[in-house]
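Scroll down for the structure; my scribbles are underneath it.
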Amino acid sequence: MLSHVMEGLPRRQCAVLIALRVEGRSRADAAEWLGMSLRSVDTALRQALRHCEKAAQGVVT
791 MLSHVMEGLP RRQCAVLIAL RVEGRSRADA AEWLGMSLRS VDTALRQALR
841 HCEKAAQGVV T
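Using my numbering, read the sequence shown as starting at 791 and increasing by one per residue.
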């Protein structure tokens, strides 16, 4: 199920989610590694988590 949910994410959101939640990078490190601003990292993470929440509720197919 998790791989299905991850496949549904835009590439940038998926990369941020993996960097922060799987690899345990800091926001600043993830931002530098991905070439993004901290604000963009925060936005991408928020969107990714919202997508995952909807998937858990069965809203995302």
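A virtual CB, placed ideally from N, CA and C, is assigned to each residue, including glycine.
- Between Ser827 and Ala821, the beta carbon gap of about 6 Å places them in contact (Cβ cut-off 8 Å).
- A contact is defined here as three or more CB-CB pairs under 8 Å, and the stretch 828 to 847 meets this definition with respect to the stretch 797 to 812.
- Taking Val795 as reference, the option from Cys842, Gly825, Ser830 with the minimal CA-CA separation is Cys842.
- Counting every other CB atom within 10 Å of its CB across the protein chains shown gives Val806 a total of 16 or more, marking it as buried.
- Between Arg815 and Trp823, the C-beta gap is smaller than 8 Å, which places the two residues in contact.
- Assigned with DSSP and collapsed to three states, Ser793 falls in helix.
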